[in-house]
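Number of protein chains: 4
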Amino acid sequence: MALLVEKTTSGREYKVKDMSQADFGRLEIELAEVEMPGLMACRTEFGPSQPFKGARITGSLHMTIQTAVLIETLTALGAEVRWCSCNIFSTQDHAAAATARDSAAVFAWKGETLQEYWWCTERALDWGPGGGPDLIVDDGGDATLLIHEGVKAEEIFEKTGKLPDPASTDNAEFQIVLSIIRDGLKTDPKRYHKMKSRLVGVSEETTTGVKRLYQMESSGTLLFPAINVNDSVTKSKFDNLYGCRHSLPDGLMRATDVMIAGKVAVVCGYGDVGKGCAAALKQAGSRVIVTEIDPICALQALMEGIPVLTLEDVVAEADIFVTTTGNKDIIMVDHMKKMKNNAIVCNIGHFDNEIDILGLENYPGVKRITIKPQTDRWVFPETNTGIIVLAEGRLMNLGCATGHPSFVMSCSFTNQVIAQLELWTEKASGKYEKKVYVLPKHLDEKVAALHLGKLGAKLTKLSKDQADYISVPVEGPYKPAHYRY
Amino acid sequence: MALLVEKTTSGREYKVKDMSQADFGRLEIELAEVEMPGLMACRTEFGPSQPFKGARITGSLHMTIQTAVLIETLTALGAEVRWCSCNIFSTQDHAAAATARDSAAVFAWKGETLQEYWWCTERALDWGPGGGPDLIVDDGGDATLLIHEGVKAEEIFEKTGKLPDPASTDNAEFQIVLSIIRDGLKTDPKRYHKMKSRLVGVSEETTTGVKRLYQMESSGTLLFPAINVNDSVTKSKFDNLYGCRHSLPDGLMRATDVMIAGKVAVVCGYGDVGKGCAAALKQAGSRVIVTEIDPICALQALMEGIPVLTLEDVVAEADIFVTTTGNKDIIMVDHMKKMKNNAIVCNIGHFDNEIDILGLENYPGVKRITIKPQTDRWVFPETNTGIIVLAEGRLMNLGCATGHPSFVMSCSFTNQVIAQLELWTEKASGKYEKKVYVLPKHLDEKVAALHLGKLGAKLTKLSKDQADYISVPVEGPYKPAHYRY
Amino acid sequence: MALLVEKTTSGREYKVKDMSQADFGRLEIELAEVEMPGLMACRTEFGPSQPFKGARITGSLHMTIQTAVLIETLTALGAEVRWCSCNIFSTQDHAAAATARDSAAVFAWKGETLQEYWWCTERALDWGPGGGPDLIVDDGGDATLLIHEGVKAEEIFEKTGKLPDPASTDNAEFQIVLSIIRDGLKTDPKRYHKMKSRLVGVSEETTTGVKRLYQMESSGTLLFPAINVNDSVTKSKFDNLYGCRHSLPDGLMRATDVMIAGKVAVVCGYGDVGKGCAAALKQAGSRVIVTEIDPICALQALMEGIPVLTLEDVVAEADIFVTTTGNKDIIMVDHMKKMKNNAIVCNIGHFDNEIDILGLENYPGVKRITIKPQTDRWVFPETNTGIIVLAEGRLMNLGCATGHPSFVMSCSFTNQVIAQLELWTEKASGKYEKKVYVLPKHLDEKVAALHLGKLGAKLTKLSKDQADYISVPVEGPYKPAHYRY
Amino acid sequence: MALLVEKTTSGREYKVKDMSQADFGRLEIELAEVEMPGLMACRTEFGPSQPFKGARITGSLHMTIQTAVLIETLTALGAEVRWCSCNIFSTQDHAAAATARDSAAVFAWKGETLQEYWWCTERALDWGPGGGPDLIVDDGGDATLLIHEGVKAEEIFEKTGKLPDPASTDNAEFQIVLSIIRDGLKTDPKRYHKMKSRLVGVSEETTTGVKRLYQMESSGTLLFPAINVNDSVTKSKFDNLYGCRHSLPDGLMRATDVMIAGKVAVVCGYGDVGKGCAAALKQAGSRVIVTEIDPICALQALMEGIPVLTLEDVVAEADIFVTTTGNKDIIMVDHMKKMKNNAIVCNIGHFDNEIDILGLENYPGVKRITIKPQTDRWVFPETNTGIIVLAEGRLMNLGCATGHPSFVMSCSFTNQVIAQLELWTEKASGKYEKKVYVLPKHLDEKVAALHLGKLGAKLTKLSKDQADYISVPVEGPYKPAHYRY
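And the structure:
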């Protein structure tokens, strides 16, 4: 791979698809700013004091217009930023161009290969001879993963002299990770250790990434403090739920123009993402069926009038299949073979392994017809009927549309900014150990409060007497930690 | 007050409105059993081993048809039971009659005075010379309160010889509590201490009652272990939400026959109860407005298309007002004066102090016209227009209709049964201290699972491989404790 | 049958259940007036000129609180009124009492036998020696039927001397009709001819009644002009749709307290009534299935996400069955046998023959258990499981609840008042022949307009230029006759 | 203007944007065929008999993928076809390319100037020396208008020698129409008369186009028979309603990526189009407000919980404005000045004159910033805030997205095919005079029936006995003409 880093006139590195789209990107960034009151309020509140002065922040997070507003909030607060996307299809090239030109070192384009993807990740982490970043903004945990795997490999190398062996794994993507680490090791056997030493912490915003972090915490292998932004209420109950309620139909419509009304739609998983998807599909007039493993979520679906069945029960009758589980092996090639002609199969969960894309590719005699980018018809030889797979099984809302809309991303990203501020401010205090933390509730409430004005809402104020009656401070937080909203 | 306890032919005590309604009650109990699969499954699973053999259970919980199925599940598992309602209007007299005749010592009728209410509570706690109950099933915490206040008074009496003085408080209801304790003290100065000693624990199912328990825990005054059933997901996210979504319009329609479509409805509070109420009103075609103190709940309302304003903003335009806050002083007489003619004012939160009934009663020149029981028109002298107050400000779904339907109460009550079993089984193990506990997640999931078959749902099973991938056991529990559903 | 007519102190005839409920009825009538702006506006607009001075109006229409406001609008405009219900279960006894005491000659009570029903109908038509009414307000067409059958019988009698023979029909109800006519013939062989001669016309408000009228028109047997009020938009698209959306769940909840959420509900027919029912059930959280004969209505259901299947497909899985077809033989006893235990079966269409009540009653070994009035459990001997039938197959919203709410009935009844005014005002002009007419669109729009203020709506005014552009008068009507809304 | 007609290898004329997109267009046409069961059923039923053999059909209708399936259904039945779009922004260039290459003479591209638009229309009507088409498929009536204006001008010219004078009108578009006619007159003063003579009839599918036809019918100026396809139930209650419910949010999301949830959206007009838009916006979580002139439609909105206000009441608070009225001068520049920064203004009604684009363009000092094609930000000098106007005020669902989805267009277009067949088959019978006709109900029901199988629906069959009971044929039609669905 011979990818070359380019430089702006001011000397900042980048690699994007087409720098001529920067002006278009800037116009859309300006529109997005109006829709992202939480981030803009952070600029107003914290900008003057430049709290991130001196901080290097690396982000691995879908390089969209909304992310550009996040990045420019971080730089407005004094940070230097390097960025890559966390998904090969999710970059909006005009957003990448505008950000690269104006604000940060961006390495991202729509339609990266996996090789290119990890090259970008590594570029975003590489701050030059002085080492790595002070802080990581992570989405899915790939930046965090690379450092942890790097440190692990360096330790083995130090002890045994052995380099990581890409051939040791079947997983094509992990082979690439190991190659990158191996190549790094050859030039600097302490590269990831240096990164680790400098790192103040990471803030992570996905269910999947957070799960990895908790696993590392419980196995004692977490190398730096982490703030779980995903489980802020203003993230998981907003972005996951209302974001997907918006972007699932958006992706379906842009990719296929299919009429949702009248169709049978199967949503695999009824967590926050599944709830948002099911709501959207139901409201658009389809008959939704949910599959679930968890009896509580299943009972919630039933209370909303949604039947809970297994995929096997409905595979031959449904028109649209959406995976939202965060698990793997949900829709297998054997399921896909049984589907109706032109059934639509897509994933809005996390990884592309929710759908058995590998099984599909390897199916004997299968034919792939690309209707347009991210919209493929796969035809089975036995029946000569096909299914339509979106975004190659990756996140369809980002691959086929533009991801979540600005307003809800403002909630998520304001959490990110606040988490980064918290980590940076407390870097010397010892407040955060090598553990996973959630933001305190008053900050979660603050994020919400910053978004009310834009929607014309007026809060009621508790009297002192009322606050005492329910034993909360007049200014909040108003709920116990276990409250579910 | 000269209330006389009556006795069944078998010698069991009771006090109900009309024993001739027992047959009618029995028919409805039989219908309810078909709708309460969780409770019936408990009878099947635990009935044979009679785990409550020897246990005395006192319940203070709306004496409805559904509660009758709960009580008879407890007795089917071997318990002896005494019961009172936790609300002066919520008893269904035919349910009380059938239960009193066939299963338990019931002291409850629809339309108790406050005097009668506390007499009933005291009767339910009084198991004769041998003292009090082993276990309490509580709803709102009145049974727990009486014991705690009793113990407190006895301690003061022992130290100082002073009897509690009803005149020491303005609160009419608390005066009655003090009178009862005072009268008890005269005959047995250790009565509540004896109760306390015997008590194994309480399970409590309301937000309000749980809040009191946590306050006592944190102030170190909780006298026995408590299980917080309210915060089981299968309680708070079902009964509070879906129960109210059902029973709010039911109460409105039975009390007033008013067309909900086209009206402006204000829901004060957007917690689980408020969410259910707002959903019901919106779906019925009204324009809903929410008032909130909590910015997160406010933002949730906005995401559902519901404006968030203050009561002052809308008091003169709305047709229906519902309080769901669990706080006090929400709708004051000054608000009510400004309302449209025949605006409907009701409470489905917890206590009647959400609405300023006292202020209304004391308003100079106000006229009360009782349309029918629990439906009063109050006419203000200045305007000669009136508002319609339901259930005297108490829970309108229980006062004006029949409370939540059986199916959702089966979820709540199965939690109660499991909590009672847990307390009783572990009574000697020291597992439970004088603290507040929630049920472990696998039991919560079990409650849900017991309710799926009735609705024809089929769960998907995780493979071992998938379970490992997301780090959960194949059989669950599937979610971390902080998961919000 | 020895039913005795009673008289008020002022000498007006009546027969109601319990005159002591008149005060209660009056209070609810006063509440309803506030909710019926169209009727109250008629009183304001037309009251002073007393247009019905001298008119005798007979009504055959559910004797509810709302109907009381209709009746008292007619009397406020100068009419004399006699009234019966058009359904044996739909009378609200307190409404009947208040109206009988204060305003009109009422013959109606909840729970009439069929014998009593037709006695009431005949009483309402009998204005004494002077003959019959000038105008009829009809619902379902029973008053119109009696006169048509009476005239037919008198003609046969005149020609052949033959009296009608109840034994000539299997239909139990029609036997009663023939008996009444036969008995009348004996005393006055020209009774119905006299009625016919006096009659200026009828206004009819149901789909079923209107269908009968069009059949009589096309067969040339219609005896007097008729105004089809049902097909006013402000009737069929409001009362049928939004009325049922309100009163179906109301009836289900009052009769059975069943939780609608989570259940499978089958709605037979997807006309206006079916659309309202399906919407209500879906919004309450049930999974709705529709049965239809009409492909257009079927496609509408599908566009709303509702599957269209046959009753046979779903009879064994559903929990709630609602007939709305206006046809007969929809749910037969063979269907009912296959249903789940405690499946609920009810009708909100028109006649009780949508459900095969006769087949059920005659089923060998079937057992009827009356839970409470209008709620019966029928147990089949083979399975010992039962189904729950509401209101004996008659209109469940009127039998088990209180019918449609006041506001929507104000729309329907304002159409009735306007139709009656039209017939009476034009009685001598020859404008109306022995045909069926609908109200002109500007009156339909007027009815709507009278109901907007109560809901705080503000209409936009067309400019002259805009009106010309779309070729309508500035003041309306705004739509062509074929417009479907 | 020097537009050159091009020719395919087979010699068929066309003018499209980019013939290299034909393969992509073909792939999407094949997908659409699966979603358009009504059209495909027409091919199966009528294809073999080639009923359009010898017929020349000119279409003026959005040149989309769905329209391609319509065109190819007409050609599959034997017709020759020439086609233009009826909107300057609605063409999908890949659809135009595939159709031009494979099936018909297409003159259409996305982003025509008005000059180009009318050039295309004239090309589509020009079948060479032999004159014009036999049949017209019209959408909005522009093809019909051109012929009527042409005939009118030729008559004046014949009588007076006067050519039409473009300077005689202020309307920029009508100036172009007059130029084209004038130019045509110079070469052939009987051109439009010849067209008129040959023309068998037109089928028209929009509310606006139909209104024009009825006006011409009533003024006696209609030159040939017309079938009003718009008022088939399977058109107006499906395409207008469910089509817009789908394509409004699609257009909003593609153009602006704005989060709909939480916003205030104003829908001007609550006809079928407005109902679809309001439903979509409400379900997506916005607070919808409707403006209406018609009290009946207003009352319908209220019954769905939607407030009815005037534009003036809400212009400063709303975030999204949608016109659906079919009238003109709905949102004026004075309204736009008062809107919030970045308020979105769009039209999905019919013509771009619903929004005062002219007023906006002429506003002193206004600045237009094109974010991307069809998405313009207009900045007012006084406030330096802007509004976002979609598709220059033209149909935003076609300008910013891809119009209605295939399935619902299959309903509309099957009506078109059936109407064309009816006109052609009856061309010599005299059945159709120079009037406007609607399709008979049994054909309307047939269109619906052809779309049920795809959605898995099963109709119930009437028994003979039931059919007689409700006086309809067993096979339908099932409803009277005035039935509103």
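If you're matching them up, the sequences are chains A, B, C and D in order.
With the working numbering applied, the first sequence corresponds to residues 670 to 1154, in that order.
With the working numbering applied, the second sequence corresponds to residues 670 to 1154, in that order.
With the working numbering applied, the third sequence corresponds to residues 670 to 1154, in that order.
With the working numbering applied, the fourth sequence corresponds to residues 670 to 1154, in that order.
We put the beta carbon where it would ideally sit given N, CA and C, even for glycine.
- For the region 924–946 of chain B, the set of positions with a beta-carbon nearer than 7 Å to some beta-carbon of chain D reads 930, 931 in chain order.
- Relative to the Cα of residue 1007 of chain B, the nearest Cα in the group B:985, B:1025, B:999 belongs to B:985.
- Counted as a single uninterrupted DSSP element, the beta strand (DSSP E) harbouring residue 1106 of chain B occupies residues 1105–1107.
- At a cut-off of 8 Å between beta-carbon atoms, residue 878 of chain D makes no contact with chain A.
- Short of 6 Å from the beta carbon of residue 725 of chain D, and not among the five residues preceding or following it, lie these beta carbons of its own chain, in chain order: 749, 796, 802, 803.
- For residue 1059 of chain C, not one C-beta of chain B is nearer than 8 Å to its own C-beta.
- When only Cα atoms are considered, residue 740 of chain D and residue 772 of chain D end up about 8 Å apart.
- As DSSP reads the structure, residue 959 of chain A sits in a beta bridge with A:936, A:977.
- Counting the other CB atoms within 10 Å of its CB gives residue 963 of chain D a total of 16 or more, which places it among the buried residues.
- The beta carbon of residue 1120 of chain C sits closer than 8 Å to some beta carbon of chain D.
- Within 10 angstroms of the beta-carbon of residue 763 of chain A lie 16 or more other beta-carbons, which makes it buried.
- Spatial neighbours of residue 941 of chain C in its own chain (CB-CB distance under 7 Å, excluding positions within 5 residues in sequence) are listed in chain order as 905, 906, 909, 910.
- For residue 821 of chain D, the enclosing alpha helix (DSSP H) covers residues 811–829.
- The shortest C-alpha to C-alpha distance from residue 1115 of chain A to any of A:927, A:1085, A:1059, A:742 is the one to A:1085.
- When only Cα atoms are considered, residue 896 of chain A and residue 916 of chain A end up about 26 Å apart.
- Assignment of beta-bridge partners to residue 776 of chain B by DSSP yields B:684, B:753.
- Taking one beta carbon from each stretch, the region 1029–1043 of chain A and the region 1081–1101 of chain A have fewer than 3 pairs nearer than 8 Å; the two do not touch.
- In the three-state reduction of the DSSP assignment, residue 1006 of chain B falls in the helix class.
- Here DSSP, grouped into helix, strand and coil, assigns residue 837 of chain C to helix.
- Per the C-alpha coordinates, the member of D:815, D:860, D:828 positioned closest to residue 843 of chain D is D:815.
- Annotation: the region 1033–1114 of chain A contains the following complete segments of the beta strand (DSSP E) (minimum length 3 residues), in chain order: 1036–1041, 1044–1048, 1055–1059, 1105–1107.
- For residue 873 of chain B, the uninterrupted beta strand (DSSP E) run begins and ends at 870–873, by DSSP.
- Between residue 1103 of chain C and residue 1146 of chain C, the C-beta gap is not smaller than 8 Å, which leaves the two residues out of contact.
- Of all residues in the region 993–1027 of chain A, none comes within less than 8 Å of chain C when Cβ atoms are compared.
- Of all residues in the region 909–924 of chain A, none places a beta-carbon less than 9 Å from a beta-carbon of chain C.
- Taking each of A:859, A:1089, A:805 in turn and checking the Cα distance to residue 746 of chain A, the smallest one comes out for A:1089.
- In summary, residue 894 of chain C is buried, with 16 or more beta-carbon neighbours lying within 10 Å of its beta-carbon over all protein chains present.
- At a cut-off of 8 Å between beta carbons, residue 1153 of chain D contacts chain C.
- Taking the beta carbon of residue 985 of chain B as reference, no residue of chain A falls within 9 Å; the closest one sits roughly 16 Å away.
- Of all residues in the region 836–868 of chain C, none places a beta-carbon less than 8 Å from a beta-carbon of chain A.
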